[in-house]
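Asks:
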Amino acid sequence: MSEAYEKLQNCLKCIREKTDFRPEMALILGSGLGDYAESIDIRAEVSYHDIEGFPVSTVPGHKGRFVFGYVKQVPVIVMQGRVHYYEGYAMEDVVLPTRLMGMLGAKKLLVTNAAGGINFDFAPGDFMLITDHISTMVPNPLLGANLGELGPRFPDMSEVYSRRMGTIVKAEAEKLGISLKEGVYLQLTGPSYETPAEIRMFRNLGADAVGMSTVCETIAARHMGMEICGISCITNLAAGMSVKALNHAEVQETADRVAKQFKELVTAVVGQI
Numbered sequence: 001m002s003e004a005y006e007k008l009q010n011c012l013k014c015i016r017e018k019t020d021f022r023p024e025m026a027l028i029l030g031s032g033l034g035d036y037a038e039s040i041d042i043r044a045e046v047s048y049h050d051i052e053g054f055p056v057s058t059v060p061g062h063k064g065r066f067v068f069g070y071v072k073q074v075p076v077i078v079m080q081g082r083v084h085y086y087e088g089y090a091m092e093d094v095v096l097p098t099r100l101m102g103m104l105g106a107k108k109l110l111v112t113n114a115a116g117g118i119n120f121d122f123a124p125g126d127f128m129l130i131t132d133h134i135s136t137m138v139p140n141p142l143l144g145a146n147l148g149e150l151g152p153r154f155p156d157m158s159e160v161y162s163r164r165m166g167t168i169v170k171a172e173a174e175k176l177g178i179s180l181k182e183g184v185y186l187q188l189t190g191p192s193y194e195t196p197a198e199i200r201m202f203r204n205l206g207a208d209a210v211g212m213s214t215v216c217e218t219i220a221a222r223h224m225g226m227e228i229c230g231i232s233c234i235t236n237l238a239a240g241m242s243v244k245a246l247n248h249a250e251v252q253e254t255a256d257r258v259a260k261q262f263k264e265l266v267t268a269v270v271g272q273i
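Using full-length UniProt numbering, you'd call the opening residue of the sequence shown number 1 and step up by one each time.
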């Protein structure tokens, strides 16, 4: 057994000592959705601090616990607060929570994030269904010895984001009267924001939104065979697209402003998926 897989098994054991809840779906909550977990039918909670070897988020607005419960009768595990590569963790630790949720039983993953808009048709407060991603700007989480217990050495990434789930997201957004964009998400390491020249380059590469999370998590999830959908909240226009300087306060403010709609959409999607 590899050291990485042994660490996952130890984390799994810590959680199973506290709850035997079996989720069918995993949710990773980005900025503005942190308190969504408190609105579900909660059956168990496990603090990250109580899981031996588990990475803990240091970002304001990201709580640190797993919440187990039901959303419209669907058993879910909610990751209330994620960790990021820029916090100094090894990439295998950044994706450890995602892998752990899969090992706990989740077969489907809904991941959300706050992102900067690169597409000129986007505005702060828009939602974007992630149709694909660009991963080449961050280390691949599958580097190193393959964890054969989780998935194959060379996993296919032709359809990281499930078209089936995407169709459901679009249908539920329409029912709720929520305007939903679609596009490609690009992950960077952070923590500095991008320069205007970088944003022009990313736009030429085909990216519509940029952020500091998600891609590494979805690669790890697909490696395990999970079905995935992702939704970004466009919290700001990227560097060089407006006269305003970028800051985290603006990101949080926009995310909070549209949180009610975002929560309604997440609940509707979980119920249908």
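Ideal placement from N, C-alpha and C gives every residue a C-beta, glycine not left out.
If you draw a straight line from the alpha carbon of Asp-20 to that of Asp-132, how long is it in whole angstroms?
Replies: Between Asp-20 and Asp-132, the C-alpha separation is close to 34 Å.
Asks: What first and last residue would you give for the alpha helix (DSSP H) that runs through His-248?
Replies: Unbroken alpha helix (DSSP H) run through His-248: 248-257.
Asks: Using the Cα positions of Leu-109 and Met-101, report the straight-line distance between them to the nearest angstrom.
Replies: Taking the straight line from one Cα to the other gives about 9 Å.
Asks: Is Asn-113 helix, strand or coil by DSSP?
Replies: Asn-113 falls in the strand class under three-state DSSP.
Asks: How about Ala-220 and Pro-141: are their beta carbons less than 8 Å apart?
Replies: Their beta carbons are under 8 Å apart, which means Ala-220 touches Pro-141 by this criterion.
Asks: Using the Cα positions of Ile-28 and Arg-222, report the straight-line distance between them to the nearest angstrom.
Replies: If I take the Cα positions, the gap works out to 15 Å.
Asks: Apart from the five residues just before and just after Glu-217, which ones in its own chain have a Cβ nearer than 7 Å to its Cβ?
Replies: Cβ neighbours of Glu-217 beyond the five flanking positions: Ile-28, Val-95, Thr-98 and Val-111.
Asks: Based on Cα-Cα distance, which residue from Gly-125, Arg-203, Gly-166 and Met-103 lies nearest to Cys-14?
Replies: Closest by alpha carbon: Met-103.
Asks: Can you tell me the Cα-Cα spacing of Lys-175 and Asn-10, whole angstroms?
Replies: Roughly 43 Å between the two C-alpha positions.
Asks: Gly-30 and Cys-233 - do their beta-carbons sit closer together than 8 Å?
Replies: Yes. Within cutoff.
Asks: In chain order, which continuous runs of the beta strand (DSSP E) of length 3 or greater are located wholly inside the region 153-201?
Replies: The region 153-201 contains these whole beta strand (DSSP E) runs: 180-187.
Asks: State the beta-bridge partners of Lys-108 as determined by DSSP.
Replies: For Lys-108, which the question treats as bridged, DSSP gives the partners Met-25 and Glu-227.
Asks: In whole angstroms, what is the alpha-carbon distance linking Thr-267 and Tyr-70?
Replies: If you take the alpha carbons of Thr-267 and Tyr-70, they lie about 10 Å apart.
Asks: So Tyr-89 is in the alpha helix (DSSP H); what residue range does that whole segment cover?
Replies: Here Tyr-89 belongs to no alpha helix (DSSP H), and DSSP marks it neither H nor E.
Asks: When you compare each of Met-137, Val-160, Asp-126 and Gln-261 to Phe-202 by their alpha carbons, which one comes out closest?
Replies: Nearest C-alpha to Phe-202: Met-137.
Asks: Tell me, which residues are paired with Phe-127 by DSSP?
Replies: Phe-127 is bridged to Leu-180 and Cys-233.
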